[in-house]
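In the numbering used here, the protein residues as written are 19 to 185.
In this text, a Cβ means the ideal position worked out from N, Cα and C, and glycines have one as well.
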């Protein structure tokens, strides 16, 4: 007995197309997959362009949302094209992790560089506090829940070193 992979209707009166979907679901499934694939393509172009951190991260989130919708079809055994939705999600997660780490490293590096160039201990600490503020804002803007990260620790250690050099 045939059974539609999408709606699970079955019986001898249900005819399935080449991917195992009934006539009732076929057009809807095809249109949904096509729509999600086009959206993914658009967002992946933005991800790969990497014009700004915020636009890259936003494009990663949107491509992942569209890919998750395709996973629902893949779970049902309905092919959604290449690359697989899970590969798209993995690609976006990898890009997101790389961009986040590079940005956080840059914030810390810039803070430490400004601190080293500052003339007085107070100006050195001010440069580091500014970097800590930038980290906090970046966490908030990008919904990152990391608190007391290794980045914050590096900056806090620099403040302690400055305080110890004063006394």
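For residue i and residue j, I'd like the C-alpha separation in whole angstroms.
| i | j | result |
| --- | --- | --- |
| residue 25 | residue 41 | 11 Å |
| residue 183 | residue 148 | 20 Å |
| residue 79 | residue 138 | 43 Å |
| residue 204 | residue 82 | Residue 204 is absent from the model: the chain starts at 19 and stops at 185. |
| residue 156 | residue 162 | 8 Å |
Could you spell out the range, first to last residue, of the alpha helix (DSSP H) harbouring residue i?
| i | result |
| --- | --- |
| residue 69 | That residue, residue 69, is in no alpha helix (DSSP H); it is neither H nor E in DSSP. |
| residue 101 | From DSSP, residue 101 is part of no alpha helix (DSSP H); its letter is neither H nor E. |
| residue 176 | 168–184 |
| residue 142 | 139–159 |
Of the choices the options, whose alpha-carbon is the least far from that of residue i?
| i | options | result |
| --- | --- | --- |
| residue 54 | 172, 138 and 90 | 90 |
| residue 115 | 44, 75 and 135 | 75 |
| residue 173 | 129, 120 and 48 | 129 |
| residue 96 | 68, 83 and 48 | 48 |
| residue 171 | 161, 111 and 127 | 127 |
| residue 145 | 119, 180 and 70 | 180 |
| residue 77 | 140, 160 and 39 | 160 |
| residue 98 | 39, 140, 138 and 73 | 39 |
| residue 68 | 167, 157, 121 and 155 | 121 |
| residue 176 | 46, 43 and 140 | 140 |
| residue 178 | 162, 43, 45 and 133 | 133 |
| residue 86 | 110, 33 and 34 | 110 |
Find out if the Cβ-Cβ distance for the pair residue i, residue j is shorter than 7 Å.
| i | j | result |
| --- | --- | --- |
| residue 28 | residue 36 | no |
| residue 150 | residue 169 | no |
| residue 58 | residue 84 | yes |
| residue 117 | residue 71 | yes |
| residue 23 | residue 94 | yes |
Sufficient close CB pairs (3 or more, under 8 Å) joining the region 101–118 to the region 58–70: yes
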